[in-house]
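Numbering (my numbering), first residue to last: 17 to 348. Since the structure comes first, as structure tokens, the remarks are kept for the end.
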Amino acid sequence: MKNLKSFNTFGIDCQAREFVEFNSENDFEKIDKVYSESSKLYVLGGGSNTVFLSDSFEGSIIKVENTGKTIISEEVDSVAIEVSAGENWADFVRWTCQQGYSGLENLAAIPGQVGASPVQNIGAYGMQVADRILWVEVHNMKTSDNYRIMNNDCEFAYRYSRWKTSHKEELIYKVVFLLDKQFQANLDYAAIKTYVEQNSIRDITPLKMCDIVTEIRNSKLPDPKVLGNAGSFFKNPEISEEQFLEIEKQYPQIVSFSQENTRKLSAAWLIEQCGFKGEKYDSVGMHAKQALVMVNYGGATGKDVLNLANLVKEKVKEKFDVSLEIEAHLVQ
Ligand SMILES: Cc1cc2nc3c(=O)[nH]c(=O)nc-3n(C[C@H](O)[C@H](O)[C@H](O)COP(=O)(O)OP(=O)(O)OC[C@H]3O[C@@H](n4cnc5c(N)ncnc54)[C@H](O)[C@@H]3O)c2cc1C
């Protein structure tokens, strides 16, 4: 048995029946055996998008721990870097910025590991990782094969990829990124633009942008080491333009982002309008500074999490006729 409390940022106290580390490609055989013998298996990275729903996990956890990064090709204006799945994402992004490479700087300070970054196509401040992934190297634990999934076959979409809901037999062991040597600051996101203007920042470098994003995030998001959480608990819902115009008639201040044919609504705004922001429900609540983040005030159980998640979904549906979808991985 292994206690997983320190292996998930929400801080759920859960005992796993079996806990096996994947440290390098030499461990493929070991994990294939675990896969074939286990009735239930979960691949765990940094546990920052994972919520265990029960106090025991009656199966096997494969904890990804392989490390290393290599520049596999370099052109005049770009560089391709192969990174092991167990590398810390935030450290890797900072390292790329220190080298002067650009393309990931707006994704600075996101918790978790490199191997999980394609799983939900992590995104923040106007960037998504899918735009920088060339391919993903996977090991199929069922067939023991290793193969490469090229970007086009990853099925990337908003907070989604082929691994989000299926292909669970594929362990991602390396990700290859294509980064630029030239830097063009991405200031599309209002919070970054405002920060740059207010602080009269000029001559932005990738590393400067990494610092700016880190500072903005630290001022808004609860630190999981202080207050357990899994980041955004719900996805921003996408609705039709017609439905948006109907809601806007009643709620002119509604926060939304234009998409090609649809509207993406701010789930945080919807949740706040339903009165959840900063409210405590036993050991859980929606954070006082960011209503989209469910937090653990201490001793939260999976049941507490589900109860609040269902209540939030119900109230948002009732008030706006909009369905919220949970972003975090809920593990039974
Ligand atoms: C404070 C905070 C802020 C956050 N901000 C953001 C944000 O701005 N944008 C954003 O997109 N996300 C954000 N998140 C969510 C989270 O950081 C990301 O989803 C991250 O990529 C999860 O990485 P992880 O290693 O912790 O994944 P885990 O929680 O360990 O796993 C997540 C999923 O990936 C799978 N997985 C993990 N590693 C592998 C692998 N090697 N092979 C196959 N499958 C694997 C797991 O089985 C699971 O399905 C935030 C979370 C927190 C706590």
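Beta carbons: idealized from backbone N, C-alpha and C, even for Gly. Nothing here was measured: the structure is a model prediction, and the numbers come from that model.
Cutoff 8 Å: residue i Cβ touching any chain D Cβ
i	result
V109	In the structure shown, chain D cannot be found, because there is only a single protein chain.
Host beta strand (DSSP E) of residue i (start-end)
i	result
L150	I149 to N156
N122	That residue, N122, is in no beta strand (DSSP E); it is neither H nor E in DSSP.
V311	V309 to N312
V347	H345 to V347
G301	V300 to M302
Top-ranked residue by Cα proximity to residue i, from the options
i	options	result
V338	F260, Q306 and A140	F260
P134	N122, E276 and V154	V154
Q200	Y174, G119, R233 and S177	G119
N323	L69, D43 and F273	L69
V311	K190, S177 and S64	S64
T25	A246, P222, Q289 and S55	A246
C226	S76, N137 and A106	A106
M157	E53, S100 and N167	E53
F38	Q306, R148, V50 and C30	V50
N104	I263, I126, E98 and A96	I126
N162	F108, R175 and N42	N42
K85	T66, V192 and R33	V192
Q289	K335, Q114 and M166	K335
R164	K329, S182 and E186	E186
I251	D219, E231, T66 and S282	As written in the sequence, residue 251 is Lys, which differs from the Ile given in the question. Selected option, being the one with the closest Cα: S282.
Q269	M302, E257 and W285	W285
Residue i - DSSP class collapsed to helix/strand/coil
i	result
L203	coil
I270	coil
K85	strand
G142	coil
G247	strand
N168	helix
V130	helix
S339	coil
S118	strand
F276	The sequence given here places Glu at residue 276; Phe does not occur at that position. Here E276 sits in coil by DSSP.
K305	coil
E90	strand
Q31	strand
Residue i: first and last residue of the uninterrupted alpha helix (DSSP H) it sits in
i	result
E254	Careful: E254 lies outside any alpha helix (DSSP H), inside the beta strand (DSSP E) at E254 to S256.
V328	G318 to F336
R110	W105 to Q114
I97	Where I97 is concerned, there is no enclosing alpha helix (DSSP H), although the beta strand (DSSP E) it sits in stretches over S94 to S100.
L286	A283 to Q289
Within 8 Å, strictly: CB atoms of residue i and residue j
i	j	result
F249	A316	no
G27	G244	yes
V36	K21	no
D196	Y117	yes
V212	E121	no
K293	A304	yes
A101	K190	yes
D29	D71	yes
Q275	E254	yes
Inset, instruction - Kindly provide the ranges of any beta strand (DSSP E) runs that are 3 or more residues long and lie completely inside the region 33 to 77, ordered along the chain. - result: List check, beta strand (DSSP E) in window: 57 to 60 and 66 to 68.
Inset, instruction - Can you check the region 182 to 244 for any alpha helix (DSSP H) of at least 4 residues that lies completely inside it and give the ranges in chain order? - result: You should have 206 to 214 and 222 to 236.
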